[in-house]
Amino acid sequence: MGDLSMGQPADHSRRVAWLAQRAGFELGLDAQACECIYQTAVLRWVGCTANATEVSAAITDDVLGRAAVMALRPQDMGLLISPSKVVRHTQEISAIHCEISVIIASALGLGEPVTAALACLFETWDGNGYPRGIQGDDIPIAVMLVVLCGDVEILSREYGVAQAQQFLQLRADAVYPRRLVNLVSSRMQSWLNELNVPGDFTHPTSEGAADSVVDLSLLADAIDLKLPWLTGHSRRVAQLAATVAAQTGLPLAVQNSVVRAALLHGMGRVAIPNAVWNRTGPLTHADWERVRLSPYWTARVAGQIKSLEVEADIASHAYERLDGSGYYRAARNAATSPAHRVLPVVTTWLALLSPRPWRAAMDQDAAVDHLQKQASLGRFDPKITDALLGSARSSNWAASNALEARPTQSILTARECEVLHCISQGQSNKEAARVLGISPSTVRAHCENVFRKLDCKSRAAATLKAASLGLL
């Protein structure tokens with residue numbers, strides 16, 4: 162997921178992890194240290210969705226712009242802010258990224274060495290990095306090796322090995338220590354040759370997050386962070402998909418796969434810049450082509466995990482239609498199983514009931530009419546559609562996105578939950594104040610209490626923690 166957010170190939174982080182761990186072994190580091198290096202590399206970009214809003218406020222394309230930065234092509238960044246504001250903006254962006262990365266690593270049960278490294282991802286050897294400006298040996302060696310090998314993977318792909326080596330020397334003793342640059346440069350060609358041999362390059366020490374059973378709700382929440390107006394969307398899709406799959410009589414194992422697929426279905430969305438998703442008018446042809454590829458990227462990335470191959474396939478059918486008018490496969494009736502037909506109906510229903518940057522939320526009656534029409538046109542499975550609408554009649558799904566006080570059995574007060582709901586949707590303090598009928602200063606005070614109680618420093622972190630606690 163993180164690789165797509167950074168505009169990188171889907172296997173970028175795994176390749177960096179292999180290179181960085183190889184360098185660690187070459188340095189004589191023990192197995193535990195090398196495992197830390199690997200996990201740091203794999204999780205390096207896991208916080209990218211959390212700061213996409215802030216990044217897209219600074220550059221025109223939060224995906225390709227970041228790719229340009231990584232490839233040392235600043236002229237292609239598309240900067241939207243004045244150069245004088247870059248430092249402050251960069252510090253905020255890096256702080257959000259690191260905070261989210263640490264939260265996710267902690268939730269995965271990874272140890273202190275990994276979380277300590279993830280807190281320093283943007284620090285540099287000379288002390289000019291972010292967010293804390295630490296330097297030298299105060300920065301974990303895992304960070305230095307991961308950043309260095311990340312540059313190796315990108316720059317060798319962009320410019321070739323010889324020029325990549327020159328770039329590394331220019332950055333030596335500034336971004337990372339020269340001794341590591343010299344070591345990695347001397348091995349670069351042979352390591353890349355080995356890495357590029359077709360086959361699986363998974364690391365040999367398969368401990369930690371690589372083999373752990375991960376709660377996909379955590380991944381879903383991280384995916385939804387990219388666009389504040391999608392906060393909680395993947396969880397709602399999974400909840401409704403579970404109901405519909407059960408009511409249509411799918412086998413229990415298939416029901417479970419559908420629910421897991423629902424939590425994954427938005428993964429490919431991170432490959433498309435926020436400027437496209439937030440557009441209030443019609444999409445250009447080029448933008449629409451990018452949107453159509455989002456389920457392809459879901460299949461591509463989630464499918465890399467062998468235990469999720471079935472779920473990745475189901476998830477990537479979320480925008481297909483039985484008449485072949487969907488995307489990305491344009492799959493028709495005969496090409497889809499009942500398991501593949503649940504998410505298209507569920508995602509459409511919940512999207513219709515929710516506001517989007519380009520339209521207001523649809524009322525429930527209009528949404529019912531829309532679904533029934535789509536089913537009559539042969540685009541949705543009638544049995545799935547009837548099951549969903551039956552559920553809608555028995556429980557008020559239209560209110561699932563409505564602002565309401567959360568359960569009192571919570572570390573937050575009802576008002577704090579309301580404020581959190583507003584800011585998690587991307588509303589400013591003034592906007593939240595207008596919605597809640599209170600003053601901006603009162604909203605600010607509630608935000609401070611929320612951050613203190615949830616032990617976080619950013620909107621994204623508060624959203625992620627609150628989602629995991631069932632507060633959103």
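Numbering of the sequence shown is given in my numbering, commencing with residue 162 and proceeding in unit increments. Beta carbons are placed, not taken as given, at the ideal position from N, Cα and C, and that holds for glycine. Computed from a prediction, not measured in an experiment: that's the story for all the values here.
Collapsing the DSSP output to three states places Arg332 in a helix.
For Arg520, the secondary structure class from DSSP, reduced to helix, strand or coil, is strand. Under the three-state reduction of DSSP output, Arg493 falls in the strand class. Less than 8 Å divides the Cβ of Tyr489 from the Cβ of Tyr457. Of the candidates Pro518, Leu514, Tyr199, Leu514 places its Cα closest to the Cα of Leu532. Note on Thr214: 16 or more other CB atoms within 10 angstroms of its CB, so buried under the neighbour-count rule.
Of the residues Gly321, Arg332, Gly360, the one whose Cα lies closest to the Cα of Met349 is Gly321.
The residues Arg502, in chain order, have a CB closer than 6 Å to that of Asp542 in the same chain once the five nearest residues on each side in sequence are set aside. In the structure shown, the three-state DSSP call for Ile433 is coil. For the 8 Å CB-CB criterion, Ser477 and Ala460 form a contact.
Between Ile220 and Met238, the C-beta spacing is below 8 Å.
Distance from the CA atom of Glu609 to the CA atom of Asn417, rounded to whole angstroms, is 39 Å. Across the structure, Gln182 and Ser347 are spaced so that their CA atoms are roughly 16 Å apart. In terms of Cβ geometry, Ala399 and Val431 do not form a close pair [threshold 8 Å]. Annotated as distal: Ser395 and Gly429, with beta-carbon spacing of 8 Å or more. A straight-line Cα-Cα distance of about 23 Å links Val308 and Ala268. Ranking Gly185, Glu196, Trp206, Cys195 by CA distance to the CA of Ser174 puts Trp206 first. Taking the C-beta atoms as reference points, Arg451 is found no nearer than 8 Å to Pro518. Segment contact: the stretch 312-329 against the stretch 186-205, fewer than three CB-CB distances shorter than 8 Å; contact not assigned. Ranked by how close their Cα comes to the Cα of Ala606, the residues Cys209, Glu577, Leu549, Val313 have Glu577 in first place.
With contacts defined by Cβ atoms closer than 8 Å, Val342 and Gln330 form a contacting pair. Between the alpha carbons of Ala423 and Arg340 lies a gap of roughly 47 Å. Assigned with DSSP and collapsed to three states, Leu240 falls in strand. Scanning the stretch 379-433 for uninterrupted alpha helix (DSSP H) segments of 4 residues or longer gives 394-408, 413-425, listed from N- to C-terminal end. Following the DSSP letters along the chain, one finds Met349 inside the alpha helix (DSSP H) bounded by residues 339-356. For Gly185, the uninterrupted alpha helix (DSSP H) segment begins and ends at 173-187. For the set Asn212, Gly185, Ala593, the Cα lying nearest the Cα of Gln200 is the one of Gly185.
Counting the other CB atoms within 10 Å of its CB gives Arg482 a total of 16 or more, which places it among the buried residues.
Residue state for Asp484 is assigned as strand, using DSSP reduced to three classes.
A Cβ-Cβ separation of about 7 Å places His258 in contact with Cys209 under the 8 Å criterion. Residue pairing for Ile220: DSSP places it in a beta bridge opposite Leu240.
Residue state for Met167 is assigned as coil, using DSSP reduced to three classes. Non-local C-beta neighbours of Ile466 in its own chain, meaning closer than 7 Å and more than five positions away in sequence, are absent. One alpha carbon belongs to Lys387, the other to Ser378, and they sit about 15 Å apart. Of the residues Arg620, Val580, Asp526, Leu615, the one whose Cα lies closest to the Cα of Ser602 is Val580. Between Val203 and the set Val263, His582, Asp222, the nearest pair of CA atoms involves Val263.
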